[in-house]
Each structure stands twice: as C-alpha cells, then as structure tokens.
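Let me begin by presenting the structure, written as structure tokens, before commenting on it.
There are 2 protein chains.
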Amino acid sequence: MPRLRLALGQSNPTVGDLRGNAEQVLAAAREAHAAGADLLALGEMALTGYPIEDLASRPSFLAAATRAVGELATRLDAEGLGELVVIVGHPDGPHAPRELGTSNAPTAIAQNVASVLHRGEVVARYAKHHLPNYSVFDEYRVFIPGDELLVLRIRDIDVALIVCEDLWRDGGPVGRVLEADAGLLVVINASPFERDKDEVRLPLVTRRAVETDTVVAYVNIVGGQDDLVFDGDSVVVDGSGTILARAPQFREHLLVVDVDAEAATDTPLPPAVARVAIASAASAAPDLPALPRDVAELPDDREQIWTALVTGVRDYVEKNGFRSVILGLSGGIDSAVCAAIAADALGADRVHGVSMPSRWSSDHSRSDADDLAERLGLQYSVEPIADLVAPVETQLALDGVAAENLQARIRAIILMGLSNMHGHLVLTTGNKTELAVGYSTIYGDSVGGFAPIKDVPKTLVWELARWRNEHAGSRGETPPIPENSIAKPPSAELRPGQVDQDSLPPYELLDAVLEAYITRHLGKDDIVGLGYDHDLVHRITGLVDRAEWKRRQGAIGPKISGMAFGRDRRLPITYRPTE
Amino acid sequence: MPRLRLALGQSNPTVGDLRGNAEQVLAAAREAHAAGADLLALGEMALTGYPIEDLASRPSFLAAATRAVGELATRLDAEGLGELVVIVGHPDGPHAPRELGTSNAPTAIAQNVASVLHRGEVVARYAKHHLPNYSVFDEYRVFIPGDELLVLRIRDIDVALIVCEDLWRDGGPVGRVLEADAGLLVVINASPFERDKDEVRLPLVTRRAVETDTVVAYVNIVGGQDDLVFDGDSVVVDGSGTILARAPQFREHLLVVDVDAEAATDTPLPPAVARVAIASAASAAPDLPALPRDVAELPDDREQIWTALVTGVRDYVEKNGFRSVILGLSGGIDSAVCAAIAADALGADRVHGVSMPSRWSSDHSRSDADDLAERLGLQYSVEPIADLVAPVETQLALDGVAAENLQARIRAIILMGLSNMHGHLVLTTGNKTELAVGYSTIYGDSVGGFAPIKDVPKTLVWELARWRNEHAGSRGETPPIPENSIAKPPSAELRPGQVDQDSLPPYELLDAVLEAYITRHLGKDDIVGLGYDHDLVHRITGLVDRAEWKRRQGAIGPKISGMAFGRDRRLPITYRPTE
C-alpha cells in the first residue's frame, strides 16, 4: 500500500493581506518540507482570507489574487520547496458574469477555488460546487459554482479535492469520490466556530470517510475575521472511521500524518471528474521514522467558547492595528467578563478600564470594579460623571428614562473621548440577552467598535465567569472575576435601587424564551405551546421585534451560537407582526 | 378579438401587516369592480410586504400568510367581488427545506408566489422561478424556486403569469410565453426605485412585449420599507411596443386598461407550463364606455429622487408609528435639505429643528438655521452647547480631534434626550460622501434612526436643494432652503475657521472618485487610469476602506443609487488592501 506524508496547515489569514497570507503559506511549506511531507493543504481562501464578501466581484481584487498565487508558486520553487505539492484556496476570476436582472449590480464573476502548486506552477485547480447561501454565508451572491471533481494522482495515490460545503451536501462532487476510486479525500475549509459544531462536523467527516472508503483530510483556517472565529480543529479520519490526527482548536498549527491508501487503479473515471497526474519525486515518508501521534483533545464547551471570544477580540484588535482597548467597568458581570477576555487576548497592560460612578452608583459598583482591575492588573482610572450629567439634565429638563439614558451617554462620551485621545479601541460590553430585548442605551453603553459577548446570553455570561475563575483556581492563579460581581443581582444602576429584574423577567426564563424565538425560529403560539405564559411570550417577542433598529446599529462581535445577531439573522426594522 | 378589462393595483404594504395589507387589496378590488374590471393584479408580496427577509423561514409567519390569503378570497366573495379574478403575491410554505450544509441555520422553506383568487377560492398559483440574490436582494437565501409557467384562460384570453425577476432573465418562464401562445403577460413586482432605473425597466417591458407578442402588464408596489422605496410606475405595453397605460410614481393608484388580445387557441402546451381555465361571468368591458387614457408622465430626475426621499421618510415614520421627527439644524446644506424633505413628508408641524451653536459656530450658522425654520414653519428651538461641552473637555483634558468630536457628541445627547422625552424619531443628516470617507463623528452627528440623504452624494445634495427651491418658485411658494446655506463653503464648524476643504478634496472631484470606487467597483489602478492623481485616489480609497466600521453602525436611509451603503455593498471591516 503506498504511503503519502500529508501536512495540513491551520493558518490565520487576514482578508486582503495577500503578502502576509502568502508568508503564512510559505512558513507552513518550510515546516512541512522539513517534516518530509509530500503534500501540504491549507484552508479555503487561505491566500485572501475568508469571507471576502463583495471583494469577490471587484476585478482588481481577483487580478491581485491571481498574481499572488502565481508568485507563491514561484517563491516555493525558488526556496527549494517545489517538489512539495501545495493546495491553497483563493478566489479565481474574472469569469463571464452570471446573468443578472438589473444592470447596475455587481455580478458574480469569481469562483471559490483550490489551486494545486507544484514545481513553480499552478498544475490543477478545483472550483467549489456547493455555495452556501444561508446563515452568515452569501456565497451564491458572489461566486459561480464549479461542476467537476478533481483527482490528483500523487505517488500512486489518487487524491480527490473538494472545498468545504461540498463535503456537507450529498449530491455533487462528494458523490463521485467513491466511483472515482480515490484513496484520499482532501477538503479545504473556512468553517467558523459555533457552539457544539464539533458535534456535527466530526461525525460528518467520519461518515464521509466511511461512505467514500477514503481517508478524509479536513483542514480549516483559524482566527477571527470580523464576527466570525475560525477554530481550526483540522482532522484526518480513515475509511474505518478512526481519527488518525487532529489539530488543536483556534491555534496556528501544522498537522503531519502518514496516509496509507490503496494504490491508484485505472478505473475509467465517472463523468464530471478530471484527473491530473503529478510527477512527484520519491517521497521521504516511507523511510522516515514514524510520526508521533498528533491527536489533540477538545476542551470542554465553556473553554471552547471562552477561547473563541478571546481569539475574536485578539484578532480584531491585531488585524485592525489597535495597540490597546478601553472599556467601562461597572462592577457588574458583563464588563468583568469582557475585561477578563480582553486581558487574556492582549495582556492586561493593553486593557484600560474606566470606572464611571454616578450619584446612583452603589458602593460595590466602585469597589467591585477596583477589585477586578487589581485582579487582572488592568490600566485603570475613575471618572465620576455627576458633574457632567447635571448641566445637560438641567438645561434640557430631562427626567425618567431620558435622564437614565443620559448617564449612559455621558459614559459613552468619556470612553469615546479617551479613545480619540489615545487610540484605544472601545469594547462594548452588552450581552446577547440585552441586545435581544433592547435593554441598553443606544449611543450609551452600546458604543464601541467590538462587542466581545454580543452572542453570549446572560445566563452563559455567568457560566463563563465561573468557569474562568475555576480555570484560574485549577492553575493556582488568582480568579480574575470578583465573586461579588457574579453573585449580586444585576443592575444598570441608572436610578436608585434599580435592578434588571424590575424591567425584565428572570434571566433563566428570558433566555429560554429567546432561544425559542431567535435560535429555533418559533412563532409566539409555538412558544406558548412549550408551556410559557402567553403574556410573557408576547412581551418578550415584542421587545425583540422593536429592538431591531438598535441592533442594526450595534458593534460586531464574535458569533458563537447557531444564530447570532447580525448577518446571521436578517429581519426588517419596519415590521408589524400579526402572526 | 376578445377584450379584458385589466386593473393594476399599486398598493403600499407594510411588512408583516397582513390585516392592513389585505384591506388595501380589498379596497383595490372594490375600485376595480366598480370600474368593470375582469382581472386585478397587485404587486409581488403585496399581502405581506417586501422584502420579508428571514421571516420567510419562520413557519408561523408562512402559516399566517396562508391563512390571510384564504381569508382574503373568502372576503372578496362575501363582498360580491368573487367574479373578479384577483392576483396577489405572498410567500407560500412551508415546503420541504432545501438541503443545507449545517444543521442550525434556518432553511429556505418558502416559495415566492402569485395566487389567483376567484369565487372565494385560490384557484391557481405561480411560484417565482428566478430568485435575485445580488444587490439588496437575498431571495436565493430564503426561497425555493418554482419551475412551471402558469397560464390562466380568462374570457377566452390566455394570461401568462410571472413574478418580477422572471421578466429580466432570458431563460425560464418568460422564454415559454411565446410558445404557450398567451395574449397577455402579467408580471407582479416589488422593484425598488433606483436613479435611472426607469431607463432600463420600461425598455425591458417593451422588449418582452415585442418578443413574446403579448400585452405585458407590469404592476409594482409603492412606498418605503426600511432602506428601499418602491416607486410603482406600473405600465402596460402592447406587442407593438406602445404604452397603453402608465401609473404615477410613488403613489397608490389603480390603473385600469382594456386589453384586446388574440383569442386563446388549443395549441399544445410546451413543457413546464400549466394552464388553468377560469370560468368568468360575462365581462362588462365590451359594453362599458371606453376608458380615459391613463398614461402618467415621468417627472424629471431630480424630482423623482426628491419624491423617493420624501416617500422613504414618510413611510419609515408612519409605518413605525412615530408622531414627529427631530433633527439638528446647523445652518448648512445637509440639515436644510433633510428638514425640507421631512417637512414635505410629514408637514412642518411634525418636524422639530434644533440649532445647537457652540463657541466656534459662525453667526450665519445660527441665522441660516433661523431662516430655514421660518421658511419651512418648523417647530424650532435653540440649545447652546458651550456649557455642556466645557465640563467634559476639562475633566478629560480633551483637545484636537477628540475635542471636536465631543461637540458633535454633546449635540447627539441633546437630540437623543429630546427624543427620549418627547418620542421624536431622530433624523441624521449625513450625506453619502461623508459616509463614504468617514467625515463624521460616530455617536455624534451620525445618531438617529433614519438617514434621509445617506445615499445622496454631496454634489447631488446641492442639486436637489436648487431644484426644490426652483420647484417652489415655479409654484409661487417660498423657496424652503436659504440661499446662503446653498452658497456658502461647507463647514463642520468644530474649530475656528474650519471648512470641509481643509480635510477633503473638492467635492466634485471627491464624488467622481467615489463613484468610480463604490458604484463602478473599480480598483485603485483603474481609477488612476481614468486620469485622477495617484495619491489622491489612494487617499480617498483608504478613507473609504477605513470607515467601514462606522458605516456598519449607521442608520438606514433610502436607496436611490445603483450602489447604496448597507446590504447593497457587503464588505469586511477587517481588511488589509494590497491591490
């Protein structure tokens, strides 16, 4: 049985950064070559980053990507890496545009491809067949589908090549892999993290390995790109369903594994399959010492989510060139968790916390913020707001909710002023539950460029806080989050004695109804049918519907759920629900 | 030659408002019946509003729409309108979901259909074949395509029926109309206004009438829905290319026209065509007096745009239940034009203007705002900001841009405070040029729920102001916009003597480069190739790229161009351009 040494490169590309992304490919190729690999595969769009959205319809962008892939092939060869077969994803075009209805709209002119680089040339290319156009994905908008499976014959093994969504759908190229009698199926991916996604992704890879009777090698990118966090978790599974290798989540990593596969045969190819023979120099793999088993363990759910949030914050900050972040510290749980995430992402010296007590602030709001700042070692300052609020309140004669919102907006002015003076990115600390029901002040506590916990429901915020403290405890470190911030009843403290539960149902109940309405897409009657109170359900769903305009103006933040606010959930602002 | 009296109903639906939208259909049916019509067609999704976005994937919403169409048929019959054949658009489902890759995403389970109502029943149904998934449209995301053309035999005329995009594409159902030997082709639409779209839409309708040798009846909805404004402009064109009737833009209207068409034959039907015979009572049409010719003239370009903006503001306000709007009046051209649009939309008594002079404000900023308020008859107040700015500036030691932004943010606090106290919708007055290059203060002058001129470049803002004044003059009314606001050099007045051209290229030049980069989707080198200075092009495109995060948090506003900011143009925030 022939053997092939395969390397999967989990790189962390930045959208548009063709030079930087190509350097990542080169670094992976050097490492793969040093490890004796015959074949290196990187993720979907690893050369341009993912998703490129409407950049796919800009001809100059496509031309630059085409140049970059040619230069990459040349550089690999020039560095003595030309024998290594390298598979890398990028957009390809312009092709003849798909016919569209109106004259002005930019057209889909690109394909989402995997190029195969060898001896300084692009020797083959596969175009993605199935274009996801649901959830956060708009691929049918910007790409033209391919229609042919590619099989590479490398060192007497037939290696089938597909891209991401192609693995998920029963029809199309994956259906032809068995018939083409391939020994290895390489799938390059840009598959964002979602809570519990590993519970569908690994079983899928395993099922396809068994169905197609191949070794399936699944390689995914890592890192944050706007609201998405790619988690890597690249994996190789053989035709019996055994995991041969698995890369750690969220980290750049080169996974190297020896693949033993049936020798290629001269079976006639089924229709819509192209086969390209790649004359490969003798592989070092059979003669090299056996590789150590590289199978990462998946951490538990809460740690996965925490790491996704940390990755999302770190990459938004680094890829956009910020040196530091700033956030308001209220002494409450949301800002405490955001500060801890930011400190884990960037180091505490790059995180500036500001306590902004008002005349209604409790003593503990100040002392809990002090405690948090000390535990984390943040840059920390205190800016009382009373003297800034009073002149506005008096001049405009504000009271009630208007006066409450004013306090939040004065705090926003402080954070934005300090941001403008010092270049900090402002983090906004709202959680998913608040965003859902509009329990926030627009242009107040909602201000900021990035929202670390925007996809984290309040009940999960508490869970994550407890996990992070336990995690610190288990490593002999100081738990970062003050116990009192976790234990005390949540309050916006915009009027004397206020607590969240004056205005909102208990969070356990609220989050359960929101999950039904938002994630499960149920109607009001369906939710009542689950056993929730009729008026409560109508009140909550009404709040959700009416807060759409606020959400539309909110900062982006990392998606961790099956249904995040943002492009994952597209609903009108102007909407009179009657059902 | 048989004759059919056809009515096209330009209704103004609100998304989700099934009862209100059904009332509009009933009102049109009563009027059509009174006019002796045999057939009434309303627009695409006239029963639910358009676009419904992801509501199409909520089963309870689909169930409610299905109930509503049944009830509508029943009510038409109960009111003695059952002989009138009524065509109305709505989403239909749930159907078996289209296969998707991941388990959590809501699936496309609906079709975008036209139902045919007669004698209290839904007697036939056509499902849209071509699903636009470009520009602002996401139909492939939420709909499953149909695959069969519908032909209704009514009073010995074969009436083919399709939906919107189906008319634009060469393949599919429109290609079968000629072969099916239809006499009339009814197209129901939800086609949003775009500047110069009438220059492609009418020629298309004409071309299809000639190609298919039918009378083409094109009916479109009217009114604003979030960022879209539907302009109606329903039209009937015969097989020789002659316009038989045309409805006015932007207004609810019932267009009634007699259609003489070839008698139906028993030509065998081509594949993928269904024919449904509708037993219709004897038509009154042949015996009624001839209808007056109803062919509206299209107003000139600037008036069309102005009316689109007025419609967008009015419908956002009315459909979302606001009683009044508030906006800051700087004495400049942008706020003057927004105030005039709002006054045209709502009446001046529902428009509140606030002058918010600072220590740097010129005398004319105040006097021009006074003048505008008086010309329009606005609700008007003055709130000086110096005493509100000073305490923040001092406490935080802000200077430079941070101090400039502070002034804009204090103004935002004033507008939002008054909004919270009195329930006004805040209008934000930024134009497209500012949004493009980020020449605005986020959480400052950008605050508000609706942005009347967000798709209007600065040079067009001036043009519209001049047009509006001339228009008033030609009707013997006071020109609403102070001449000085049009003539003076634009300035943010955030520091002494500041004018926009300190920071920005001349607006004529800036708008030309932005048009190339944004609307025409050209790369930097292409734009330089048009003859613009290299450094200027790189500076402008760099500003555009870096302002994406601000635009993402901006208010929605009416689309009038071929490429508006918002869902029309989807680009990453995190983006390192190298091309």
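First to last, the sequence lines map onto chains A and B.
Taking this note's numbering, the leading residue of the first sequence gets 1, the next gets one more, and so forth.
Taking this note's numbering, the leading residue of the second sequence gets 1, the next gets one more, and so forth.
Virtual Cβ for every residue (Gly too), placed ideally from N, Cα, C.
Quick caveat, the model's predicted, so the values are computed rather than measured.
- When the beta-carbon positions are compared, Gly444 of chain B and Arg409 of chain B come within less than 8 Å of each other.
- At a cut-off of 8 Å between C-beta atoms, Lys319 of chain A counts as an interface residue with respect to chain B.
- Residues of chain A with a Cβ closer than 8 Å to the Cβ of Asn405 of chain B are, in chain order, Met416, Gly417, Asn420.
- Pro457 of chain A sits buried, since 16 or more C-beta atoms from the chains shown fall within 10 Å of its C-beta.
- Using a Cβ-Cβ cut-off of 8 Å, Pro59 of chain B counts as an interface residue toward chain A, since at least one Cβ of chain A sits closer than that to its own.
- Within the same chain, and ignoring the five residues on either side of Gly120 of chain B in sequence, the residues whose Cβ sits closer than 8 Å to its Cβ are Ala73, Thr74, Leu76, Asp77, Ala78, Gly82.
- Within the region 126-150 of chain B, the residues whose Cβ lies closer than 8 Å to any Cβ of chain A are, in chain order, His130, Pro132, Asn133, Tyr134, Ser135, Asp138, Tyr140, Arg141.
- Chain A has a Cβ within less than 8 Å of the Cβ of Arg19 of chain B.
- No Cβ of chain A is located within less than 8 Å of the beta carbon of Trp462 of chain B.
- Around Trp549 of chain A, the beta-carbon contacts reaching into chain B at under 7 Å are Gly449.
- In summary, Arg359 of chain A is exposed, with fewer than 16 beta-carbon neighbours lying within 10 Å of its beta-carbon over all protein chains present.
- Nearest neighbour of Ala182 of chain A by Cα position, chosen from A:Phe143, A:Val219, A:Glu262, A:Gly224, turns out to be A:Glu262.
- At least one C-beta of chain B is nearer than 8 Å to the C-beta of Asp387 of chain A.
- Leu84 of chain B has no beta-bridge partner at all, per DSSP.
- With the criterion set as a beta carbon lying under 9 Å from some beta carbon of chain B, the members of the region 522-542 of chain A are Leu522, Gly523, Lys524, Asp525, Asp526, in sequence order.
- Restricting attention to alpha helix (DSSP H) runs no shorter than 4 residues, the region 527-553 of chain B encloses them at 534-546, 548-552, ordered along the chain.
- Below 8 Å, too few C-beta pairs join the region 559-568 of chain A and the region 12-30 of chain B to call them touching: fewer than three.
- When CB distances to chain A are screened at a threshold of 9 Å, the residues of the region 29-59 of chain B falling below it are Gly49, Pro51, Ile52, Glu53, Asp54, Leu55, Ser57, Arg58, Pro59, in chain order.
- Under the 10 Å beta carbon count, Thr541 of chain A is surrounded by 16 or more other beta carbons and is classified as buried.
- Lys524 of chain B sits close to His538 of chain B, with the two beta carbons spaced by under 8 Å.
- Tyr218 of chain A has a beta carbon lying at 8 Å or more from every beta carbon in chain B.
- Counting the other Cβ atoms within 10 Å of the Cβ of Met356 of chain B gives 16 or more, which makes it buried.
- Under DSSP, Phe143 of chain A takes part in a beta bridge, and its partners are A:Ala110.
- Scanning A:Val295, A:Ser60, A:Gly43 for the CA closest to the CA of Val113 of chain A turns up A:Gly43.
- Per the C-alpha coordinates, the member of A:His129, A:Tyr316, A:Val215, A:Ala160 positioned closest to Asp260 of chain A is A:Val215.
- Across the structure, Pro489 of chain B and Gly332 of chain B are spaced so that their CA atoms are roughly 9 Å apart.
- According to the DSSP assignment, Arg475 of chain A belongs to no alpha helix (DSSP H), since it is labelled neither H nor E.
- Using a CB distance cut-off of 8 Å, Pro572 of chain B counts as an interface residue toward chain A.
- For the 8 Å CB-CB criterion, Val222 of chain A and Phe250 of chain A form a contact.
- Among the residues facing chain B, Gly554 of chain A is included, as its CB has a counterpart in that chain under 8 Å away.
- Under DSSP, Asp258 of chain A takes part in a beta bridge, and its partners are A:Arg5.
- At least one beta carbon of chain B lies nearer than 8 Å to the beta carbon of Arg569 of chain A.
- No Cβ-Cβ contact shorter than 8 Å links Pro91 of chain B with Pro59 of chain B.
- Closest in C-alpha terms to Gly438 of chain A, from the list A:His422, A:Asp500, A:Asp399, A:Leu464, comes A:Asp500.
- Rounded to the nearest angstrom, the Cβ distance from Val325 of chain A to Val351 of chain A is 6 Å, consistent with a contact under 8 Å.
- Chain order gives the chain A residues near Val392 of chain B as Leu388, Ile410, Ile413, Ile414, Gly417, where near means a beta carbon separation below 8 Å.
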